[in-house]
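Asks: Numbering-wise, this note's numbering comes out as the position in the sequence shown, counting from 1, plus 854. Where is the CB? At the ideal position from N, CA and C, for every residue including glycine. Handing you a structure now.
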Amino acid sequence: MNTKRSTSIGAVLSAACGRKDFEYELIGDDKIVITDVTHSTAAVLPGALFVCVTGENVDGHELAQQAINAGAAALLVERHLPLDIPQIVVADTRKTQGMVAAAFWGFPSDDLLLIAVTGTNGKTTTSHLLGSILRQHGLRTEVMGTLSGSRTTPESTDLQRQLAQFIDQNVQAVVMEVTSHAMVLHRVAGTQFALAIFTNLTPEHLDFHGTMERYFAAKASLFTPSYTSIGIVNYDDVHGRLIADAHEIQCFPFSLHDVQSISASATSHEFTWKTNQVVVNVGGKFNVSNSLAAVTAAVQLGVSETDIVAGLAAAETVPGRFEQVRASSGFDVVVDYAHTPDALQRVLLAAREIVGVKHRVLVVFGCGGDRDSEKRPHMGAIAAKFADYVVITSDNPRSESPAAIAQNIIDGISTHGANTIVKTEIDRRLAIQLALNSAKSGDIVVIAGKGHEKNQTIGNNVLPFDDVAIVREILGVVA
């Protein structure tokens, strides 16, 4: 970490309260200088303000002494601890830490063109497409999200530090994915966005949110004056219309009705926008909506039509997002992160459009363990309905039995087309090999669920596993 800063606790609290008033009690000297704000004992450096967050499994207050031993100069706590160190006592450290971290780093979002992208599906692709447009526009741009870290949206203390580092690196714009978990857990507290994009909403993370209503409320909370003044919303999705109809902020819609002459292959999609012929090197017809999200945002940011079209054309393939594995096998192979019912259906429909009815769609997929189990039978039914050949396998089973997860998926396949073949092969590598060996010229093989991921979690073991690399190995393709 090259970015360095030091300031007094008093100055930080004054700046934080200047943005959003909150009650606190300072026990100790407000002139104590701090050099960082962190919630992680592993990241504590001498002079840090350590945030004691009460988590699901660990109470950060129990780690306070460990943080002090590592050099912490002060604590942000929910209750006064019997320790001889300055302490800021607040009602909820998780809610407060983002604003405090933002104040410490000088509210870095004020000095960046910061764009948020949220939605069940399409966040990563939309972010990368908009990032390419902004670079074409001449802005030094970074993209944060699923492909850039262990968490799609970092914890608030890490996020504010990262934004400050971007400023020190002369970054001008940042496009970042913001998850529903991030909103509920206040990870973007203290952050202001130039605009926020809503891609879509379909059932996902219900193990965390409980209901679709709560899931939507978490997403919709981003589209309020606390975070932004402009929303870019998908009018083809009822939830996008609901966000706009709430009139919390000014919203600009996008829809497939805005464009003409849509076509797509395994490697690209095209459409006519206004008088512009747009070509994007990302396969799958469903990605047209993601391109339109990026286009509509760019228009509101003042980017010219010329730069928008050129930026989309310059966009590179997004890893694990309808990513074609090129081979001389006579059939197409695409790897996609689709791990929700809606995403799987979109990918399979896009695959069907590519091969038509004369050739087959083959799909390999599983479902993650220790996650929303209700979606498993739905994904089984979708696979059997929209593919000709289905291989059910492991995804990241984690602590669950892979065979039990597979059975949950199979339970959804009560009826399917007479010509649909359904097989189960728990070993993911063998499952991929089975599908590839079964494919014929003109077919398309979709390997879904893991996308860009480079490992597989089985029990407590994290093992190397890369769908794209496995396909290349089986087909004898040199990367």
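#1: Can you tell which of ASN1250, LYS1277, ILE1267 and ILE1280 has the C-alpha that lies nearest to the C-alpha of GLU1307?
#2: May I ask you to verify whether the region 993 to 1006 touches the region 925 to 942, counting CB pairs closer than 8 Å and requiring at least 3?
#3: Is the region 942 to 960 in contact with the region 1132 to 1142, if contact means three or more CB pairs nearer than 8 Å?
#4: Taking the C-alpha atoms as reference points, what is the distance between PHE1240 and ASP1190?
#5: To the nearest angstrom, how far is it from the Cα of TYR1081 to the Cα of ALA957?
#6: Tell me the DSSP secondary structure of GLU1124 in three-state form.
#7: Does the region 1005 to 1021 come close enough to the region 889 to 902 to have 3 or more Cβ pairs within less than 8 Å?
#8: On a CA-only basis, which of GLY973, PHE1219 and THR1194 is nearest VAL1188? Give me that one, please.
#9: May I ask you to list the residues that DSSP assigns as paired with ILE969?
#10: Could you tell me the distance, in whole angstroms, from the CA atom of TYR1069 to the CA atom of VAL971?
#11: What is the rounded straight-line gap between the Cα of PHE1140 and the Cα of LEU1146?
#12: Return the first residue and the last residue of the beta strand (DSSP E) that GLN1023 is part of.
#13: Check whether the Cβ atoms of ALA1050 and GLY1094 sit closer than 7 Å, and answer yes or no.
#14: Shortest alpha-carbon distance to GLY1223 belongs to which of HIS1213, GLY1313 and GLN1154?
#15: State buried or exposed for THR1065, treating a residue as buried only when at least 16 other CB atoms are found within 10 Å of its CB.
#16: Which residues in the same chain as ARG1283 place their Cβ atom closer than 6 Å to its Cβ, once the five residues preceding and following it in sequence are excluded?
#17: Touch check for the region 1251 to 1268 and the region 1232 to 1239: three-plus C-beta pairs under 8 Å?
#18: Taking the straight line between their C-alpha atoms, what separation do you get for ILE881 and ILE939?
#19: As a quick exercise: from ILE987, THR1033, ILE1298 and VAL1149, pick the residue whose alpha carbon is nearest that of GLY974.
#20: Between LEU983 and ALA869, is the Cβ-Cβ spacing less than 7 Å?
#21: Tell me the start and end of each unbroken beta strand (DSSP E) in the region 884 to 962 that is at least 3 residues and wholly inside, in chain order.
#22: What whole-angstrom Cβ distance do ILE987 and GLY1165 have, given they're in contact under 8 Å?
#23: What number of angstroms, rounded off, separates the C-alpha of ASP1161 from the C-alpha of CYS871?
#24: Using a Cβ distance threshold of 8 Å, determine whether the region 1193 to 1206 contacts the region 1283 to 1295, with at least three qualifying pairs required.
#25: Alpha helix (DSSP H) containing ALA1167: first to last residue?
#26: What are the residues that DSSP puts in a beta bridge with PHE1108?
#27: In terms of residues, what are the limits of the beta strand (DSSP E) holding ALA1302?
#28: Name the DSSP bridge partner or partners of GLN1178?
#29: Looking at the structure shown, is ILE1103 part of a helix, part of a strand, or coil, going by DSSP?
#30: For a test of the three-state rule: what should DSSP assign to PRO1256, helix, strand or coil?
#31: Strictly by DSSP, which residues pair up with GLN1287?
#32: Quick check on the burial criterion: 16 or more other C-beta atoms within 10 angstroms. Buried or exposed for LEU867?
#33: Counting C-beta neighbours from all protein chains within 10 Å, is the total for ILE1116 16 or more, i.e. buried, or is it exposed?
#34: Check VAL1113 in the structure and name its three-state DSSP category.
#35: Mind checking who GLU879 pairs with in its DSSP beta bridge?
#36: What does a CB cutoff of less than 8 Å around ARG1180 pick up in its chain, not counting 5 residues either side in sequence?
Replies: With the structure as the only source:
#1: As a working mapping, residue 1307 is identified with position 453 in the sequence shown. From the listed residues ASN1250, LYS1277, ILE1267 and ILE1280, the smallest Cα separation to GLU1307 is found for ASN1250.
#2: Segments in contact, no.
#3: No, they do not touch.
#4: One-based indexing of the sequence shown puts residue 1240 at position 386. One-based indexing of the sequence shown puts residue 1190 at position 336. Using only the alpha carbons, I get a separation of about 16 Å.
#5: Along the sequence shown, read from residue 1 onward, the residue named residue 1081 stands at position 227. Along the sequence shown, read from residue 1 onward, the residue named residue 957 stands at position 103. Whole-angstrom Cα-Cα distance: 15 Å.
#6: Translated into the one-based positions of the sequence shown, residue 1124 becomes position 270. DSSP places GLU1124 in strand when its eight states are reduced to three.
#7: Counting Cβ pairs under 8 Å, three or more are found: they touch.
#8: Within the sequence shown, residue 1188 is the residue found at index 334, counting from 1. For the residues GLY973, PHE1219 and THR1194, the minimum Cα distance to VAL1188 belongs to PHE1219.
#9: Numbered from its first residue, the sequence shown carries residue 969 at position 115. Answer is VAL1029 and LEU1049.
#10: Position 215 of the sequence shown, counted from the start, is the residue given in the question as residue 1069. Position 117 of the sequence shown, counted from the start, is the residue given in the question as residue 971. Straight-line Cα distance between these residues: approximately 16 Å.
#11: As a position in the sequence shown, residue 1140 is number 286, starting the count at 1. As a position in the sequence shown, residue 1146 is number 292, starting the count at 1. Near 11 Å, if we compare the C-alpha coordinates of LEU1146 and PHE1140.
#12: The residue labelled residue 1023 in the question sits at position 169 within the sequence shown. Careful: GLN1023 lies outside any beta strand (DSSP E) and carries neither H nor E.
#13: Residue 1050 sits at position 196 when you count from the first residue of the sequence shown. Residue 1094 sits at position 240 when you count from the first residue of the sequence shown. No, Cβ-Cβ distance for ALA1050 and GLY1094 is not below 7 Å.
#14: Mapped onto the sequence shown, residue 1223 falls at position 369. The residue among HIS1213, GLY1313 and GLN1154 with its C-alpha nearest the C-alpha of GLY1223 is GLY1313.
#15: Start at 1 with the first residue of the sequence shown, and residue 1065 comes out as number 211. Answer is exposed; the Cβ neighbour count stays below 16.
#16: Translated into positions along the sequence shown, residue 1283 becomes position 429. Within the same chain, ARG1283 has close Cβ partners ILE1324.
#17: Yes, they touch.
#18: Stepping through the sequence shown from its first residue, residue 881 is reached at position 27. Stepping through the sequence shown from its first residue, residue 939 is reached at position 85. About 8 Å.
#19: Position 120 of the sequence shown, counted from the first residue, corresponds to residue 974. The sequence given here has Thr at residue 974, not Gly. For THR974, the nearest C-alpha among the options comes from THR1033.
#20: On the sequence shown, residue 983 is found 129 positions in, with the first residue counted as 1. On the sequence shown, residue 869 is found 15 positions in, with the first residue counted as 1. With respect to the 7 Å criterion, LEU983 and ALA869 are not classified as neighbours on the basis of their beta carbons.
#21: If we require 3 residues or more, the beta strand (DSSP E) runs fully inside the region 884 to 962 come out as 890 to 892, 902 to 905, 928 to 931 and 941 to 943.
#22: Stepping through the sequence shown from its first residue, residue 987 is reached at position 133. Stepping through the sequence shown from its first residue, residue 1165 is reached at position 311. With a Cβ gap of about 3 Å, ILE987 and GLY1165 count as contacting.
#23: Taking the first residue of the sequence shown as 1, we reach residue 1161 at position 307. Taking the first residue of the sequence shown as 1, we reach residue 871 at position 17. If you take the alpha carbons of ASP1161 and CYS871, they lie about 40 Å apart.
#24: Counting Cβ pairs under 8 Å, fewer than three are found: no touch.
#25: Position 313 of the sequence shown, counted from the first residue, corresponds to residue 1167. ALA1167 -> alpha helix (DSSP H) spans 1159 to 1168.
#26: Walking along the sequence shown from the start, residue 1108 turns up at place 254. Partner(s): ASN1088.
#27: For the purposes of this step, residue 1302 is identified with residue 448 of the sequence shown, where counting begins at 1. Per DSSP, ALA1302 belongs to the beta strand (DSSP E) from 1298 to 1302.
#28: In the sequence shown, the residue the question calls residue 1178 occupies position 324. GLN1178 pairs with VAL1188.
#29: Here residue 1103 is taken as the residue at index 249 of the sequence shown, counted from 1. Coil.
#30: Numbered from 1 along the sequence shown, position 402 holds the residue referred to as residue 1256. Correct three-state label for PRO1256: helix.
#31: In the sequence shown, the residue the question calls residue 1287 occupies position 433. Paired residues: none, contrary to the question.
#32: In the sequence shown, residue 867 corresponds to position 13, counting from 1. LEU867 should be labelled buried.
#33: Working through the sequence shown from its first residue, we reach residue 1116 at position 262. ILE1116 is classed as exposed because its beta carbon has fewer than 16 other beta carbons within 10 Å across all chains shown.
#34: Locating residue 1113 in the sequence shown gives position 259, where the first residue counts as 1. DSSP places VAL1113 in strand when its eight states are reduced to three.
#35: As a working mapping, residue 879 is identified with position 25 in the sequence shown. GLU879 is bridged to VAL943.
#36: In the sequence shown, the residue the question calls residue 1180 occupies position 326. Contacts found: VAL1331.
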